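Residue numbers (my numbering), protein chains in the order written: chain P, 13 to 220; chain X, 1114 to 1351. Heads up, the beta-carbon is just placed ideally off N, CA and C, and yes, glycines get one too. All values reported here derive from a predicted model rather than from experimental measurement. Have a look at the structure below, then the notes.
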Amino acid sequence: MRSLRVTLTALVIACLIALPLAALLAVRRFRWRRATIAMLNALMGLPPVVVGLIVYIFLSRSGPFGALGLLFTPTAMIIAQVIIIVPLIASIAHQSLRELWAEYHDLLISLNVTQMQKVRTLLWDARRALLTAALAGFGRGIGEVGAIMIVGGNIDNATRVLTTAIALETGKGEFALALALGFVLIALALGVNLLIHWVGQTERDSRW
Amino acid sequence: MVSDLFPLMLKGAETSRRGKRLVGPIDLSLDGQGLCVVMGPNGSGKTTLLRLMHGTARLTGGEVTWACDTATARHHQAFVFQQPVVLRRTVEENLTYPLQLRGVARKAARASAQKWAAKVGLGPHLQRRAMVLSGGEQQKLAIARALITDPALVFLDEPTASLDGRAMREIEAILLQAKADGTRLILSTHDMGQARRIADQVVFMLGGKVHETGTAPAFFEAPQTPEARAFLQGDIVE
């Protein structure tokens, strides 16, 4: 369950950052907009191990945030996962929000809406597409092992999650246990996906 | 309320993009009465003129002034586009949207939405998704959404250009009713028949400039310029 808690927490935080960011990138024209979009797209392919390493360096005793004592805690794992999935969610969300904005642009400009109202309208009306973006983020987070292994340390009863446990058991040659854990992980990922899908479906005749 | 905005004056108003003048310079004065039709061939600048007056096209020269300040004038206007823009929401939510932006209470907004949906013949579709409506229904929805805030002035950019006869007739009836209720309408069209049916005043545009203006009977019976005459006869004017 720690797996789920870490990833879901990371997902919520990542969505809170990524979705408004994606909406702003869609509706505002500012100087570094294109560069930001290009960077987000590039960061989608960020190797988790490198993220883990960087977060490790920042959180380690001699690093800038060492005093917080966060290294080898679930919090550190959440931070790493947030960094990994924000670009993914923001990029996917930006794609659909940009299309919606092209559709709504004239109307919203004519209605003289504020920047905040634009963002809220877009986020609300694109919520189904945003759900998909969030699911992609969840998928990347729940299956992630490299970064959280480094910053979490895979400590039993503290920072061990399904993926790191699988890695460990495989290393020990305990294939049966590793495989069993693997099935649990798959079931978990599928379960959350189905649940969210079902929540999305309950809004009836919302096909476009 | 209508008289608070007008007269609308354009003095040497123009808009250019990358050094090329798209429309203007335009000198025009409009009072607050009736339905004004902006006519002209494709590319003559009808849409841009409407946007200039509404304030959504950039004014690169001259001025557009109202009897009140621009922000107040803008607050009392609405714009209907050639391709209806509907929100990915239900018909009712589309109608309540502009009211919500203005802070109208939910209950009052819903009551108003019901009233307007009935007025434009969308009463039975209140809870349907706006995207599944037909083109004509979507445009009626867009017009109702424009009228729901009780604007003094509504711009309509070729609202019936892509619709068939029946939808066109229904929309014209809605517009004439709105006019009777005291809303000032400025509508662009290249449909001569429509202009003859509903216009009180005509602004004839050609090549990005206002070529001729006048009351509808005067314009249709005795156009002053050879280009307007040719256009009315159905010749191709560029």
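- Proximity of chain X to P/Q129 at the Cβ level (cut-off 8 Å) is accounted for by L1214, in chain order.
- Taking a Cβ-Cβ cut-off of 8 Å, the neighbours of X/P1211 in chain P comprise L123, given in sequence order.
- Contact between the segment 67 to 82 of chain P and the segment 147 to 165 of chain P is established, with three or more Cβ pairs separated by less than 8 Å.
- Taking a Cβ-Cβ cut-off of 8 Å, the neighbours of X/T1169 in chain P comprise D118, I121, S122, given in sequence order.
- Under the 8 Å criterion on CB atoms, P/E115 is classed as interfacial with respect to chain X.
- Residues of chain X with a Cβ closer than 8 Å to the Cβ of P/D168 do not exist; the shortest Cβ-Cβ separation is about 49 Å.
- When the beta-carbon positions are compared, X/L1254 and X/V1217 stay at least 8 Å from each other.
- Contact annotation, P/I208 with P/S15: C-beta distance approximately 17 Å; criterion of less than 8 Å not satisfied.
- Judged by DSSP in its simplified three-state form, X/Q1190 adopts strand.
- Cβ-Cβ separation between P/L174 and P/L193: approximately 6 Å, consistent with a contact (criterion under 8 Å).
- In the three-state DSSP reduction, X/H1324 falls in the strand class (E or B).
- Any Cβ of chain P closer than 8 Å to the Cβ of X/R1202 would place that residue at the interface, and such an atom is present.
- Collapsing the DSSP output to three states places X/C1149 in a strand.
- With a threshold of 8 Å between beta carbons, X/R1187 makes contact with chain P.
- Scanning the segment 86 to 132 of chain P for uninterrupted alpha helix (DSSP H) segments of 4 residues or longer gives 86 to 122, listed from N- to C-terminal end.
- Think of a sphere of 9 Å around the beta carbon of X/F1317: no beta carbon from chain P falls inside it, the nearest being about 25 Å out.
- With respect to the C-alpha of X/G1132, the residue from X/G1125, X/G1174, X/T1161 having the closest C-alpha is X/G1174.
- Note on P/W210: under 16 other CB atoms within 10 angstroms of its CB, so exposed under the neighbour-count rule.
- Counting along the chain, no beta strand (DSSP E) covers X/S1225; the unbroken alpha helix (DSSP H) around it starts and ends at 1219 to 1232.
- The shortest C-alpha to C-alpha distance from X/L1118 to any of X/Q1146, X/G1234, X/P1138 is the one to X/Q1146.
- P/R41 and P/A105 have their C-alpha atoms some 17 Å from each other.
- For the segment 158 to 210 of chain P, the full-length alpha helix (DSSP H) segments reaching 4 residues or more read 158 to 164, 174 to 184 along the chain.
- Close to X/V1267, with beta-carbon spacing below 7 Å, lies no residue of chain P; the smallest spacing is near 11 Å.
- In the displayed model, P/S15 falls within a helix according to three-state DSSP.
- X/P1154 is positioned such that its CB atom lies closer than 8 Å to that of X/E1351.
- About 18 Å separates the CB atoms of P/A159 and P/V24; that is not less than 8 Å, and the two are not in contact.
- Separation of the CB atoms of X/A1222 and X/Q1213 is rounded to 6 Å, and the pair is thereby assigned contact status at 8 Å.
- Beta bridge pairing from DSSP links X/E1205 with no other residue.
- Interface residue (Cβ-Cβ distance to chain P less than 8 Å): X/V1217 is not classified as such.
- Annotation for X/E1334: the continuous alpha helix (DSSP H) segment containing it runs 1329 to 1334.
- Residue burial annotation: X/Q1190 is buried, with at least 16 other C-beta atoms found within 10 angstroms of its C-beta.
- P/V18 places its beta carbon less than 8 Å from that of P/I90.
- A direct Cα-to-Cα measurement between X/G1327 and X/T1209 gives close to 37 Å.
- For P/A146, the enclosing alpha helix (DSSP H) has its first and last residue at 139 to 154.
- In this structure, X/L1148 and X/A1312 form a Cβ contact; the two beta carbons are roughly 6 Å apart against a cut-off of 8 Å.
- Excluding residues up to 5 positions away in sequence, S108, L109, L112 lie with their Cβ nearer than 7 Å to the Cβ of P/A138 in the same chain.
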